[in-house]
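**Q** If you count by the numbering used here, then the sequence shown holds residues -13 to 539, one letter each, in order.
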Amino acid sequence: MVIMRSIAVAVEEGNVYLVPEFYKYIKKVGSGAYGCVASFYDRSKGKYIAVKKILDAFQDLIDAKRILREIKLLRQLHHENILSIIDLLPPESPYFNDIYIVTELMETDLHRVIYSKQTLTNEHIQYFMYQILRGLSYLHSVNIIHRDLKPSNILVNLSCDLKICDFGLARGNIGNLDSNTDDLTDYVVTRWYRAPEIILCVNRYDKAVDVWSAGCIFAELIKRSALFAGHDHLDQLKEIISLLGTPNKEDLDEWLPCKGNTENARKYLETLPYYRGRTFFSLFPDYNHPLAIDLLNKMLCFNPKKRITVDDALMHPYFNGIYVGNNKSCNDTKDSTDNTDKKWIANKGNLVSNSTIDWSFDKFEPTKRLLQNKIYEEIADLHPEMLIRDFQHLNSLGINIPRKHLPLLRSKGLVANTICSDRINSYVLDTLLSTTSSSSSSSTPANSFSITSPLDIVKKLSVVGKQKRLANSQPIPKNQSEQSTEGQKRSIARDMCYSLPTSSKAVSAYCTYPELSYMGDHSTNDKINHSFDVLRTKMALYVKDRKNSYISN
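#1: With 16 as the cutoff for other CB atoms within 10 Å, does Val529 come out buried or exposed?
#2: Out of Glu225, Asn83 and Asp221, point me to the one whose CA is closest to Leu213's CA.
#3: According to DSSP, which residues form a beta bridge with Tyr9?
#4: Indicate the three-state DSSP secondary structure (helix, strand or coil) for Arg190 in the structure shown.
#5: Just confirm the distance between the C-beta atoms of Ile57 and Ile361, as a whole number of angstroms; I'd bet it's less than 8 Å.
#6: Taking Met543 and Pro182 to be in contact with their CB atoms under 8 Å, please state how far apart those CB atoms are, rounded to whole angstroms.
#7: Could you check whether the stretch 89 to 100 touches the stretch 132 to 142, counting it as contact only if at least three pairs of C-beta atoms, one from each stretch, sit closer than 8 Å?
#8: Check the C-beta distance from Ala205 over to Leu281 and give it rounded, since I have them as a contact under 8 Å.
#9: Nearest by alpha-carbon distance to Tyr260: which of Pro233, Leu286, Ala36 and Val128 is it?
#10: When we look at the beta-carbon of Ser30 and count the other beta-carbons within 10 Å, is it buried (16 or more) or exposed?
#11: Just to confirm before moving on: does the CB-CB distance between Lys38 and Thr89 stay below 8 Å?
#12: Using 8 Å as the cut-off, can you tell me whether the stretch 42 to 49 makes contact with the stretch 79 to 87, which would need three or more C-beta pairs spanning the two stretches below that distance?
#13: Within 10 angstroms of the Cβ of His126, are there 16 or more other Cβ atoms? Answer buried if so, exposed if not.
#14: Starting from Leu148, follow its DSSP beta bridges and name the residues at the other end.
#15: Within a Cβ cutoff of 7 Å, which residues of the same chain sit near Gly263, ignoring the five residues on either side of it in sequence?
#16: Can you say whether Ser25 is buried or exposed, counting buried as having 16 or more other CB atoms within 10 angstroms of its CB?
#17: Taking DSSP as the reference, what is the three-state secondary structure of Val195?
#18: Under a Cβ-count criterion, where at least 16 other Cβ atoms within 10 Å of its own Cβ denotes burial, should Met301 be classed as buried or exposed?
#19: Applying the criterion that 16 or more other CB atoms from any shown protein chain within 10 Å of the CB defines a buried residue, is Gln104 buried or exposed?
#20: From Arg190, Asp376, Ile343 and Trp345, pick the residue whose C-alpha is nearest to that of Asn359; which is it?
#21: Straight-line CA distance for Phe350 to Ile53?
#22: Decide if Thr257 is buried, meaning its Cβ has at least 16 other Cβ atoms within 10 Å, or exposed.
#23: Applying the criterion that 16 or more other CB atoms from any shown protein chain within 10 Å of the CB defines a buried residue, is Tyr101 buried or exposed?
#24: Would Glu240 and Lys209 qualify as a contact pair, given that the criterion is a beta-carbon distance under 8 Å?
#25: Report the residue from Tyr20, Glu(-1) and Glu109 whose alpha carbon sits nearest the alpha carbon of Gly307.
#26: What separation, rounded to the nearest whole angstrom, lies between the Cα atoms of Tyr179 and Arg(-9)?
#27: By Cβ distance below 7 Å, which residues in the same chain neighbour Leu4 in space, the five residues on each side in sequence not counted?
#28: Return the first residue and the last residue of the beta strand (DSSP E) that Asp73 is part of.
#29: By alpha-carbon positions, which one of Ile185, Gly0, Cys146 and Asp192 ends up nearest to Arg157?
#30: Let me know if Gly246 comes out buried or exposed under the rule of 16 or more other beta-carbons within 10 Å of its beta-carbon.
#31: Using CA coordinates, which residue listed in Ile71, Arg55 and Asn67 is at the minimum distance from Phe347?
#32: For Glu554 and Ala194, what's the separation of their Cα atoms in angstroms?
#33: Take Lys51 and list the residues in its own chain whose beta-carbon comes closer than 7 Å to its own, dropping the five residues that flank it on each side.
#34: Hey, out of Ile111, Glu363 and Arg177, whose CA is closest to Asn146's CA?
#35: CB Gly354 to CB Leu74, shorter than 8 Å?
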């Protein structure tokens, strides 16, 4: 395994992407709160991709934890209406600040579609809503609520295929309004798509909040503008009640009793003036689709306990006989009565996941170093070759390396075969000394410890600070096997460790050169320049090529 070479691409002024050399830059797609998205052509796989760069990802720990949550979830969720992560680009070192997330390329989002001049037929609306509900059905089947569903978080391509994205606010292990689960924050969902129970600060809510958000999107697709565009959370509630009408006492008693933590919300509702409400038929006089209005009424029910579920919504007659079209695009406004290329979605199965989501990753108090480690682990899971490059450095910091990567490290001679724990406790130096001692049998080639290339590399090393080049480093002649004494083996091991910056714990026992004494300071690792990283990579590659010669398996 070789770490991919990176090139610098200027996406916009002051924003440079470091991407693999086989990525061809196409254009900037957009930017948001968390970073910039650009499209590339992956020449190695022959397809277009989107690369999202999150600049200074750890500047805000709450935002960084949301990024981690999204990465964790998208790597576990697999559904055609959920955005999937293709790759996480490896950073230059464990002390990274920028994160590169590679996903499928979707040309636009539903917000842009709604507010464009593109004609949206009922056929388009049906297909969009069907896909949104399919994605939600999958999420709810694994006990996840999205909590931030809105048009800009729904990506669309030119074929009207749709994918839900942005899972930074998602939450798992949700019970219901009567459960004793932990209280949930009300600071979720963009205001216009926020369910009444969230506005009223009912801090135990359930999957029905996603159904409400989807209903708001449904109405926005029909109206081509936001249904409830409140200026603040109180105005938002008034907008809802003025359209749906004041909820009756029976409904309020069912889900908003005048006691406990809902007492104040109940009293506030009772102080509002009475609203009779309006019908969606009067709101959309030109939209003559009664089944759509019926479904919309059920999705935008004020009482969350009476609100339709996602699965029941999918079985609503409105979705009977959806016309897709083999080559249907968002630019195609052809009448749905054209029978030339119809395709019917008859199978509403395969919506439910049989797996469960492990949420243990979400239960920690975030710090920059801890978040870096957790995201580094996600990247290393896709690029385990990083562990070869950074093994000594990670080991010196006591960073855990997942058990599943131990075979790879063993194959590179970095971990002894006897290590079976999740955490790697031995240093490269100790491993090399033990393995070289055991490899002194007659089965070892006479020239097995000739490492001219690593010593040449070591001689070229230049590190910021007090570090000096190795003095008088001479390669061991290949034809002098008798010189391969235990002392020389120790010297070789010492030189190899010297080429990888680490703490004094790893080197002080064997390093005799005085210029190495400063290496006890971990902060030195922060000052290693790019050229040193390149040389260190070359050293790791050399170890890979020569492992059978001087390290016993």
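The beta-carbon is built from N, C-alpha and C at its ideal position, and this holds for glycine as well.
**A** Short version:
#1: Within the sequence shown, the letter at position 543 stands for residue 529. Because Val529 sits at a pLDDT of 49, beneath the cut-off of 50, its placement in the model cannot be relied upon, and the point is left open.
#2: Your numbering for residue 213 matches position 227 in the sequence shown. Nearest option by C-alpha distance: Glu225.
#3: For the purposes of this step, residue 9 is identified with residue 23 of the sequence shown, where counting begins at 1. In the DSSP output, where bridge partners are listed per residue, Tyr9 has Asp28.
#4: In the sequence shown, the residue the question calls residue 190 occupies position 204. DSSP places Arg190 in coil when its eight states are reduced to three.
#5: Locating residue 57 in the sequence shown gives position 71, where the first residue counts as 1. Locating residue 361 in the sequence shown gives position 375, where the first residue counts as 1. That belief holds up - the Cβ atoms of Ile57 and Ile361 are roughly 7 Å apart, short of 8 Å.
#6: This structure gives no information on residue 543, because the portion of the chain shown stretches from -13 to 539.
#7: yes
#8: Reading the sequence shown from its first residue, position 219 is the one you call residue 205. Reading the sequence shown from its first residue, position 295 is the one you call residue 281. About 11 Å separates the two Cβ atoms, so there is no contact after all.
#9: Residue 260 sits at position 274 when you count from the first residue of the sequence shown. The shortest C-alpha separation from Tyr260 is found at Pro233.
#10: By 1-based counting over the sequence shown, the position of residue 30 is 44. Result: exposed.
#11: To locate residue 38, count along the sequence shown from 1; it is residue 52. To locate residue 89, count along the sequence shown from 1; it is residue 103. Result yes, Cβ atoms of Lys38 and Thr89 sit closer than 8 Å.
#12: yes
#13: As a position in the sequence shown, residue 126 is number 140, starting the count at 1. Flag for His126 reads buried.
#14: Mapped onto the sequence shown, residue 148 falls at position 162. Val142.
#15: Residue mapping note: residue 263 aligns to position 277 of the sequence shown, counting from 1. Cβ neighbours of Gly263 beyond the five flanking positions: Leu229, Leu230 and Gly231.
#16: Residue numbering aside, residue 25 sits at position 39 when the sequence shown is read from its first letter. Buried, since its Cβ has 16 or more Cβ neighbours within 10 Å.
#17: Position 209 of the sequence shown holds residue 195. Residue state, collapsed to three classes: helix.
#18: Sequence index remark: in the sequence shown, residue 301 carries index 315 (1-based). The residue in question, Met301, is exposed, as its Cβ has fewer than 16 Cβ neighbours within 10 Å.
#19: Looking up residue 104 in the sequence shown gives position 118. Exposed: under 16 other Cβ atoms inside 10 Å.
#20: Along the sequence shown, read from residue 1 onward, the residue named residue 359 stands at position 373. Comparing Cα positions, the closest option is Asp376.
#21: Stepping through the sequence shown from its first residue, residue 350 is reached at position 364. Stepping through the sequence shown from its first residue, residue 53 is reached at position 67. Phe350 and Ile53: Cα-Cα distance of roughly 14 Å.
#22: As a position in the sequence shown, residue 257 is number 271, starting the count at 1. The residue is exposed, with fewer than 16 neighbouring Cβ atoms inside 10 Å.
#23: Mapped onto the sequence shown, residue 101 falls at position 115. Exposed, by the Cβ-count rule.
#24: Here the question's residue 240 lines up with position 254 in the sequence shown. Here the question's residue 209 lines up with position 223 in the sequence shown. It is not a contact, given that the beta carbons lie outside the stated cut-off.
#25: Taking the first residue of the sequence shown as 1, we reach residue 307 at position 321. Measuring from the Cα of Gly307, the nearest candidate turns out to be Glu109.
#26: Indexing the sequence shown from 1 puts residue 179 at position 193. Indexing the sequence shown from 1 puts residue -9 at position 5. The straight-line gap from Cα to Cα measures roughly 44 Å.
#27: Counted from its first residue, the sequence shown places residue 4 at position 18. These residues qualify, in order along the chain: Ser(-8) and Ala(-6).
#28: Against the sequence shown, residue 73 aligns to sequence position 87. Run containing Asp73: Ile71 to Leu74, per the beta strand (DSSP E) assignment.
#29: For the purposes of this step, residue 157 is taken as the residue at position 171 of the sequence shown. Taking only the C-alpha atoms, the option nearest Arg157 is Asp192.
#30: Walking along the sequence shown from the start, residue 246 turns up at place 260. Answer is exposed; the Cβ neighbour count stays below 16.
#31: By 1-based counting over the sequence shown, the position of residue 347 is 361. Considering only alpha carbons, the answer is Arg55.
#32: Residue 554 is absent from the model: the chain starts at -13 and stops at 539.
#33: By one-based count along the sequence shown, residue 51 stands at place 65. Excluding sequence neighbours, Lys51 sits near Pro352 and Leu357.
#34: Start at 1 with the first residue of the sequence shown, and residue 146 comes out as number 160. Per the sequence shown, residue 146 should be read as Cys rather than Asn. The shortest Cα separation from Cys146 among Ile111, Glu363 and Arg177 belongs to Ile111.
#35: As a first step, residue 354 is located in the sequence shown; it is residue number 368 there, counting from the start. As a first step, residue 74 is located in the sequence shown; it is residue number 88 there, counting from the start. Here the sequence assigns Lys to residue 354, which means Gly is not the residue at that position. No; because the gap between Cβ atoms is not below 8 Å, this pair is not in contact.
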